[in-house]
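Take a look at the structure below.
Listed below in structure tokens is the structure:
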């Protein structure tokens with residue numbers, strides 16, 4: 001039955017036709033009227049072409065390959081359309097056990113894939129579950145297409161739970177930390193707003209967006225399919241820095257002796273890494289990569305991420321590239337006494353290329369302390385780098401005379417790191433340096449990705465990383481529970497690229513929503529998880545010690561409420577119970593290497609694996 | 001000259017400490033959370049390395065009681081002098097790890 005015939009059929013069956021004809025979310029037919037008309041019609045109540053089929057067409061038009069979701073009734077029609085109408089391919093439904101996992105999977109996926117995936121959340125309660133992970137994505141400038149189910153028309157809601165799971169304004173809970181949202185009232189409205197949302201999410205500064213898919217709009221038949229269209233998507237070119245400001249910045253950077261480049265969320269892809277190398281070499285200036293993204297090769301002699309404080313202290317000019325907290329680079333505040341100290345010279349010249357000023361909201365304070373700079377360029381960094389490099393090259397005067405000294409300092413930094421890593425080499429619990437050295441030993445011959453990585457970590461300090469996909473940075477908002485699902489999302493993106501995805505998995509983070517291990521097993525997502533099992537919310541142990549010291553009280557109680565022990569959690573069993581190959585707990589460092597080799601073999605066969613290692617605190 | 005000073009300070013002011021008791025105290029008072037169980041220090045600036053070759057007893061004691069920077073103060077009423085002396089004995093007893101050049105896994109370039 002083609003669409004025209006189907007529509008004729010439905011019109012002929014007057015009862016159901018008139019009941020379901022409304023393509024507005026505010027249909028007025030009462031339940032009694034519907035029942036009467038249905039009986040009169042005497043036909044089976046079926047809808048061959050529901051609105052949710054068209055929604056799948058819209059989602060598919062955007063090239064979205066996956067939708068992560070915990071199933072729920074407010075989007076049951078869309079779920080069914082994805083599975084049956086769409087054949088569960090592009091998008092494929094990724095079954096999750098928590099909405100926070102769904103969002104964080106999408107977060108990690110974007111950072112590995114370079115394009116968004118979607119997630120579906122159930123009306124009120126699902127969105128509440130999702131909220132913290134959305135905040136992480138917001139802080140990390142990551143686009144996620146959030147979709148929420150909701151029944152806006154109260155007259156259509158089933159009594160009981162459905163009311164509790166609906167809201168007038170589902171996105172209100174998230175509006176402080178998403179870029180845009182809409183609750184479309186028609187299918188055409190859905191198409192236009194979803195394409196608009198995707199486009200806005202992908203325009204720097206990239207951020208999550210939300211579309212609420214009304215339940216009746218999903219379930220009712222498409223009325224006038226010929227009248228529907230899906231707008232063409234053309235992504236906006238990212239904004240470049242104004243040419244005069246870029247020239248001024250180049251002058252400052254070229255006219256000072258000790259220049260430092262500090263970068264955080266700059267490179268979107270390997271081209272961004274290449275541009276960063278060109279910039280650093282044009283200035284012959286050391287780079288401190290804060291690793292919001294992988295911006296600069298750790299093998300380059302100008303990569304001096306471990307020496308950030310000393311470089312800032314001696315700098316005459318500093319170029320910040322999309323740094324979330326430049327004030328924190330120039331100053332410090334002691335903890336717990338809150339004593340201020342200036343680190344940088346008082347007259348250091350500063351330039352900041354950032355989009356932070358273009359998208360900031362009031363309530364949540366992720367904007368960090370205000371930092372005055374000499375030149376502020378409101379622009380996307382990667383898009384601005386070519387003109388900045390060109391302007392610097394035109395001026396000339398790179399500090400090439402310093403190359404030998406810079407190479408020597410780089411080698412000294414590396415040697416210090418290796419000596420520090422050698423300490424406690426045979427200790428049990430296993431040192432975090434040993435853990436990372438063992439992991440590197442199994443990854444070194446692979447095309448690899450570490451799904452969570454931060455400046456100052458052993459991976460960033462020890463491992464030779466040259467590719468944009470090697471390090472995927474952190475959560476953004478430091479909301480615990482990001483790492484495990486984000487790693488699953490990254491592995492999902494990498495699985496068809498021949499990239500081995502690994503994660504050093506903290507125990508406390510995993511326990512927020514460990515069901516994501518089942519998601520990895522169920523969908524055959526090859527992720528190598530290595531537990532950093534220090535049996536505590538370790539940072540909080542240290543915070544409690546600080547408070548006890550400040551209050552002049554005993555410190556041997558610091559593990560009360562912070563330790564994850566008595567009983568110890570058996571993470572291998574936790575993983576095995578969900579279908580993930582696992583070994584551990586390992587306390588003897590000599591046993592890590594062989595276990596990781598076995599785990600790698602599982603991962604290379606396309607399955608997830610987990611090795612539980614009992615580690616030092618940090 | 002430096003070594004002479006270290007020896008002088010070490011012998012003149014340190015209390016007698018017991019290594020075994022010191023190891024237990026090092027764990028009990030949570031020194032290991034920032035400095036590692038064998039004093040190796042911790043990642044991302046949590047705490048500096050203490051061993052091998054800790055600084056002299058006088059400086060060690062001063063830092064524990066009236067710390068510089070972010071370390072919490074361990075005052076006498078919550079960390080008795082004898083326990084501190086034992087901790088110092090333990091930290092001093094920690095043997096050096098092999099050098100990085102002797103560890104094949106650290107030949108990373």
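Protein chains in written order, with our numbering: chain A, 1 to 618; chain E, 1 to 109.
Even glycine gets a Cβ: it sits at the ideal position worked out from N, Cα and C.
### Message
Cβ closer than 8 Å: which chain E residues qualify as neighbours of residue 623 of chain A?
### Response
This structure gives no information on residue 623 of chain A, because the portion of chain A shown stretches from 1 to 618.
### Query
Of all the CB atoms in chain A, is at least one closer than 8 Å to the CB of residue 58 of chain E?
For the purposes of this step, residue 58 of chain E is taken as the residue at position 58 of the second chain. Judged by the 8 Å Cβ criterion, residue 58 of chain E is not in contact with chain A.
### Query
How would you label residue 95 of chain E, buried or exposed, when you count the other beta carbons within 10 angstroms and need 16 or more for buried?
Numbered from its first residue, the second chain carries residue 95 of chain E at position 95. Per the 10 Å Cβ criterion, exposed.
#### Entry: residue 461 of chain A to residue 41 of chain E span [Cα, whole Å]
Residue numbering aside, residue 461 of chain A sits at position 461 when the first chain is read from its first letter. Residue numbering aside, residue 41 of chain E sits at position 41 when the second chain is read from its first letter. So the alpha carbons of these two residues sit roughly 15 Å apart.
### Task
Would you please verify whether the beta carbon of residue 418 of chain A is less than 8 Å from any beta carbon of chain E?
As a working note, residue 418 of chain A is residue 418 in the first chain. For residue 418 of chain A, the answer is yes, since a Cβ of chain E falls inside 8 Å of its Cβ.
### Any alpha helix (DSSP H) of 4 or more consecutive residues that is wholly inside the region 28-98 of chain E
32-35, 57-65, 81-93
### Query
Just to confirm, are residue 78 of chain E and residue 76 of chain A a CB contact at a threshold of 8 Å?
Translated into the one-based positions of the second chain, residue 78 of chain E becomes position 78. Translated into the one-based positions of the first chain, residue 76 of chain A becomes position 76. No. Outside cutoff.
### Query
In the region 70-95 of chain E, which residues sit with their C-beta less than 7 Å from some C-beta in chain A, listed in chain order?
70, 72, 73, 74, 75, 78
### Task
Report the residue ranges of all beta strand (DSSP E) runs contained in full by the region 350-431 of chain A; include only those spanning at least 3 residues, in chain order.
375-378
### Query
What in chain B is Cβ-close to residue 541 of chain A, meaning under 8 Å?
No chain B appears in this structure, whose protein chains are A and E.
### Message
Tell me the residue span of the beta strand (DSSP E) that contains residue 108 of chain E.
### Response
As a first step, residue 108 of chain E is located in the second chain; it is residue number 108 there, counting from the start. Looking at the DSSP string, residue 108 of chain E is not in any beta strand (DSSP E), and its letter there is neither H nor E.
### Message
Helix, strand or coil, according to DSSP, for residue 539 of chain A in the structure here?
### Response
In the first chain, the residue the question calls residue 539 of chain A occupies position 539. Helix, per DSSP.
#### Entry: residue 36 of chain A, buried or exposed, once every other Cβ within 10 Å from all chains shown has been counted against 16
Against the first chain, residue 36 of chain A aligns to sequence position 36. The predicted model places residue 36 of chain A with a pLDDT of 49, which falls under 50 and marks its position as unreliable, so this point remains unresolved.
### Query
Which residue's Cα is closest to the Cα of residue 169 of chain A: A/159, A/162, A/161, A/181?
Numbered from 1 along the first chain, position 169 holds the residue referred to as residue 169 of chain A. The shortest Cα separation from residue 169 of chain A among A/159, A/162, A/161, A/181 belongs to A/181.
### Query
Are the C-beta atoms of residue 563 of chain A and some chain E residue less than 8 Å apart?
As a first step, residue 563 of chain A is located in the first chain; it is residue number 563 there, counting from the start. With 8 Å as the cut-off, residue 563 of chain A does not count as an interface residue toward chain E.
### Query
Buried or exposed: residue 291 of chain A, going by 16 or more other Cβ atoms within 10 Å of its Cβ?
As a first step, residue 291 of chain A is located in the first chain; it is residue number 291 there, counting from the start. Per the 10 Å Cβ criterion, buried.
### Task
Tell me, please, which residues DSSP counts as bridged to residue 276 of chain A.
Numbered from 1 along the first chain, position 276 holds the residue referred to as residue 276 of chain A. Its beta-bridge partners do not exist; DSSP assigns none.
### Task
Please go through the same chain and pick out, in chain order, the residues whose beta-carbon is closer than 7 Å to the beta-carbon of residue 7 of chain A, but skip the five residues on each side of it.
The sequence position of residue 7 of chain A within the first chain is 7, counting from 1. Because the pLDDT of residue 7 of chain A is 42, which lies under 50, any placement of that residue in the model is unreliable, and the question is left without a value.
### Query
Apart from the five residues on each side of it in sequence, which residues of its chain come closer than 8 Å, Cβ to Cβ, to residue 374 of chain A?
For this step, residue 374 of chain A is matched to residue 374 along the first chain. Same-chain partners within the cutoff: 252, 349, 350, 351.
### Message
What does the Cβ neighbour count give for residue 339 of chain A, buried or exposed, with the cut at 16 atoms within 10 Å?
### Response
One-based indexing of the first chain puts residue 339 of chain A at position 339. Residue 339 of chain A is exposed by the Cβ-count criterion.
### Under 8 Å from the C-beta of residue 38 of chain E: neighbouring residues of chain A
Along the second chain, read from residue 1 onward, the residue named residue 38 of chain E stands at position 38. The contacting residues are 423, 424, 427.
### Task
Look up residue 441 of chain A in the DSSP assignment and say whether it is helix, strand or coil.
Residue mapping note: residue 441 of chain A aligns to position 441 of the first chain, counting from 1. Note: residue 441 of chain A maps to helix in three-state DSSP.
### Message
Applying the 10 Å Cβ sphere with the 16-neighbour rule, what's the burial state of residue 364 of chain A?
### Response
Along the first chain, one-based indexing puts residue 364 of chain A at 364. It counts as exposed.
### Task
Return helix, strand or coil for residue 3 of chain E, following the three-state DSSP convention.
Translated into positions along the second chain, residue 3 of chain E becomes position 3. Bear in mind that a pLDDT of 36 at residue 3 of chain E, under 50, signals an unreliable position, so the model cannot answer this.
### Listed by chain order, chain A residues near residue 44 of chain E by CB distance under 9 Å
In the second chain, residue 44 of chain E corresponds to position 44, counting from 1. Correct list: 454, 455, 456, 457, 618.
#### Entry: Spatial neighbours of residue 165 of chain A in its chain, beta-carbon cut-off 7 Å, leaving aside the 5 residues before and after
Looking up residue 165 of chain A in the first chain gives position 165. Here the set comprises 74, 122, 123, 124, 125.
### Query
Using 8 Å as the limit for Cβ to Cβ distance, is residue 594 of chain A near chain E?
Taking the first residue of the first chain as position 1, residue 594 of chain A is located at position 594. Not one chain E Cβ lies under 8 Å of residue 594 of chain A.
### Query
Quick one: Cα of residue 366 of chain A to Cα of residue 301 of chain A, how far?
The residue labelled residue 366 of chain A in the question sits at position 366 within the first chain. The residue labelled residue 301 of chain A in the question sits at position 301 within the first chain. When rounded, the distance between both Cα atoms is 33 Å.
### Query
Looking only at C-alpha atoms, which of A/54, A/499, A/410 sits nearest to residue 81 of chain A?
Residue 81 of chain A sits at position 81 when you count from the first residue of the first chain. Nearest C-alpha to residue 81 of chain A: A/54.
### Task
Give every residue of the same chain whose Cβ lies closer than 6 Å to the Cβ of residue 617 of chain A, excluding the five residues on either side of it in the sequence, and list them in chain order.
Within the first chain, the letter at position 617 stands for residue 617 of chain A. 534, 538.
### Task
Anything in chain A within Cβ reach of residue 105 of chain E, meaning under 7 Å, just list it in chain order.
In the second chain, counting from the first residue as 1, residue 105 of chain E sits at position 105. Ordered by position in chain A, the residues that pass the 7 Å Cβ test against residue 105 of chain E are 437, 438, 441.
### Task
Figure out for me which residue from A/575, A/589, A/604 has the closest Cα to the Cα of residue 610 of chain A.
In the first chain, the residue the question calls residue 610 of chain A occupies position 610. When each option's Cα is compared against that of residue 610 of chain A, the closest is A/575.
### Task
Closer than 7 Å, Cβ to Cβ, to anything on chain E: give me those residues from the region 465-481 of chain A, in chain order.
none
### Message
So, at 6 Å on beta carbons, what are the nonlocal neighbours of residue 545 of chain A in its own chain, with the 5 sequence-adjacent residues on each side left out?
### Response
Taking the first chain and counting its residues from 1, one reaches residue 545 of chain A at position 545. Closer than 6 Å at the Cβ level, and outside the excluded window around residue 545 of chain A, lie 555, 558.
#### Entry: Chain-ordered neighbours of residue 463 of chain A on chain E, where CB pairs are closer than 8 Å
In the first chain, counting from the first residue as 1, residue 463 of chain A sits at position 463. Chain E residues near residue 463 of chain A: 108.
#### Entry: Sub-8 Å separation of residue 484 of chain A and residue 443 of chain A beta-carbons
Working through the first chain from its first residue, we reach residue 484 of chain A at position 484. Working through the first chain from its first residue, we reach residue 443 of chain A at position 443. In this structure, residue 443 of chain A does not lie closer than 8 Å to residue 484 of chain A by Cβ.
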